[in-house]
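The opening residue of the sequence shown carries number 7 in my numbering; numbering runs sequentially from there.
For reference, the structure discussed in these notes is given below.
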Amino acid sequence: MGLLGISVKGSLAIQTDRAAYRPGQAVNGKLTLVVHAPVDCAALVLTVSGVERAKWKTRGTSRRDSPNVHNTIDHKHTSVLFRSDLRLAEPPVTM
Numbered sequence: 007m008g009l010l011g012i013s014v015k016g017s018l019a020i021q022t023d024r025a026a027y028r029p030g031q032a033v034n035g036k037l038t039l040v041v042h043a044p045v046d047c048a049a050l051v052l053t054v055s056g057v058e059r060a061k062w063k064t065r066g067t068s069r070r071d072s073p074n075v076h077n078t079i080d081h082k083h084t085s086v087l088f089r090s091d092l093r094l095a096e097p098p099v100t101m
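Below, the structure written as structure tokens:
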């Protein structure tokens, strides 16, 4: 991923149960963070962004006199789904 040097210190993988979702469907999946070296951070935050587009056509009651009206609405939304503050501590020293 490269964010905060994680590609050098470990890996981050996101796996969902499907490639695309319809409105109202729950998004299920798994977030796996593997760390090979210490990472200096205060929290782990999962932010999801989505875009939806709705299109429709309306027509008046009289086909001859009423023009077709095409409408399009684009909606963008970003939401924080998960946040966990991390307690940072040095690992115990073993001798």
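Every residue, glycine too, gets a C-beta built ideally from N, C-alpha and C.
Check whether the Cβ atoms of residue i and residue j lie closer than 7 Å to each other.
i, j, result
"residue 57", "residue 82", "yes"
"residue 39", "residue 88", "no"
"residue 59", "residue 91", "no"
If you draw a straight line from the alpha carbon of residue i to that of residue j, how long is it in whole angstroms?
i, j, result
"residue 41", "residue 18", "9 Å"
"residue 43", "residue 15", "5 Å"
"residue 26", "residue 47", "32 Å"
"residue 65", "residue 29", "26 Å"
"residue 76", "residue 63", "5 Å"
"residue 85", "residue 54", "5 Å"
"residue 31", "residue 50", "25 Å"
Shortest alpha-carbon distance to residue i belongs to which of the options?
i, options, result
"residue 61", "29, 28 and 78", "78"
"residue 21", "29, 30 and 34", "34"
Specify, as a first and last residue, the run of the beta strand (DSSP E) that residue i falls within.
i, result
"residue 35", "35-41"
"residue 21", "16-22"
Where DSSP assigns a beta bridge to residue i, which residues make up the other side?
i, result
"residue 49", "91"
"residue 60", "79"
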